[in-house]
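Quick look at the structure:
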């Protein structure tokens, strides 16, 4: 029974990895959007606040 759970988990991980590499929407959903924290050598305080 435990072997079935491991098999399902492996299939899920491999499917998500394939989707992340081949579907732009899924990549954006999983990885998120990059935030520029430094502009022209200056720290952008508003950008820092928005990401925590």
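Residue numbers (this note's numbering): -6 to 45.
Even glycine gets a Cβ: it sits at the ideal position worked out from N, Cα and C.
With contacts defined as CB atoms closer than 8 Å, residue 19 and residue 29 fail to qualify as a contacting pair. Put simply, of 39, 41, 35 and 6 the residue whose alpha carbon is nearest the alpha carbon of residue 23 is 6. Put simply, the backbone Cα of residue 17 is about 20 Å away from that of residue 4. In the DSSP assignment, residue 5 falls within the unbroken alpha helix (DSSP H) covering -5 to 15.
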